[in-house]
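Read through the structure below, which is laid out as structure tokens, and then see the notes.
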Amino acid sequence: MIPLEPSPYFPSSRRYRDPLYLRVEEVPGAAARALNGERRIDRDAVLGLKLDALGRLFAAFAGDAAFESHRAGAVVVGEDLGTVEAGVRERLAAERVLSCRVLWLEETAPAGFPALALASVTTHDLPTIAGLWTGSDVREQRALGLAPNEEALGAIRGRLRVLTGAPEGAPVGEVVRRTHRLLADAPSVMITATLEDVLGLAERPNMPGTTAAVRPNWSVALPLPLEALRNDPRPRAVAEALGGRPVMQEIDG
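Laid out in structure tokens, this is it:
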């Protein structure tokens, strides 16, 4: 993983050791790998890149990624969340690489998301719908001794209430359905929902800034076995909400 900055929502997050093996998770990571052939990441060099130099690196990376994804029948999505340099998203679009649009992180409603994107409500490192709506995510962070950015998280919740029209105190299940109906407005070529949101879990899969000693990151159990999802009404409700998407237009190029 190659995250370069702490998350603005969790200032104590991203305390990583120097890894021997890296997965290019964020778009600047592609530039970091291109700049430095050693196992160390030159953070200052990456952050100090001029956009034209960064663009040349992206062009090379995007070409390789496009070729390999076509050969493997796979999809490549650039994680361009939060810490990328100005102009990076425009460069991704120019190179026809899908970007990410996460509802919690966007000021724009899903209807304004680009077509060349993967749209989602949240990520594994951000609150679930239930955790945000009920405030349990902030309470968990406090209990763990973290310093949540309550102002930012409160603003996200307020924006969610306005965009979905959910009344204060609405049940989590209703907010989940409303949120995915909202997400269905996105014209993006890919759209996702998480099992945590579908099933109304308050706990996110991973809490940045914590370790296994204090929290079971990546081990939060679902409330029912996967085999039972077929007969559970909640996945169907979310699928129906997302099924109201507008007809996709073919993307040139």
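Using numbering that gives the first Met the number 0, you'd call the opening residue of the sequence shown number 0 and step up by one each time. Just so you know, even glycine gets a beta-carbon here, dropped at the ideal spot from N, CA and C.
Which residues mark the beginning and the end of the alpha helix (DSSP H) in which residue i is found?
i	result
V87	V87 to A93
S135	S135 to A142
V197	L194 to V197
A238	P232 to L241
Please classify residue i: does DSSP put it in a helix, a strand, or coil?
i	result
S98	strand
V253	Outside the shown range of the chain, which is 0 to 252, sits residue 253, and nothing can be said about it.
V213	coil
V23	At V23 the pLDDT is 45, less than 50, meaning the model places this residue with poor confidence; the figure from the coordinates comes in the next sentence. The answer is coil: DSSP assigns V23 none of H, G, I, E or B.
V161	helix
V76	strand
L46	At L46, the pLDDT of 47 sits below 50, so the modelled position is not reliable; the number obtained from the coordinates is stated separately. L46 falls in the helix class under three-state DSSP.
At what residues does the beta strand (DSSP E) containing residue i begin and finish?
i	result
S119	A116 to S119
Less than 8 Å separating the beta-carbons of residue i and residue j?
i	j	result
L80	C99	yes
V76	L104	no
M189	A118	yes
L102	P109	yes
P204	V219	yes
A183	V174	no
I155	L131	yes
V120	R176	no
L194	L152	no
T133	V74	no
Taking all protein chains shown into account, decide if residue i is buried (16 or more other Cβ within 10 angstroms of its Cβ) or exposed.
i	result
F112	buried
E202	buried
H179	buried
V161	exposed
R95	exposed
A129	buried
G144	exposed
P232	exposed
T127	buried
E293	Past the boundaries of the shown model lies residue 293; the chain is included only from 0 to 252, so the question cannot be answered.
A185	buried
E78	buried
R70	exposed
D136	buried
A192	buried
G208	buried
E149	exposed
Any beta carbon of chain D sitting closer than 8 Å to that of residue i?
i	result
R95	This model lacks chain D altogether; it includes just one protein chain.
Just to confirm, does residue i get its C-beta within under 7 Å of one of the non-hydrogen atoms of the ligand SAH?
i	result
E149	Absence of the ligand SAH from the depicted structure is noted, as is the absence of any ligand whatsoever, leaving it without description.
- Query: Is there contact between the region 234-246 and the region 206-221, where contact requires at least three CB pairs shorter than 8 Å?
  - Reply: no
- Stretch-stretch touch, CB-based, cutoff 8 Å, three pairs: the region 140-154 with the region 186-200: no
- Decide if the region 153-169 is in contact with the region 222-229; the criterion is three or more beta carbon pairs, one per stretch, under 8 Å apart. no
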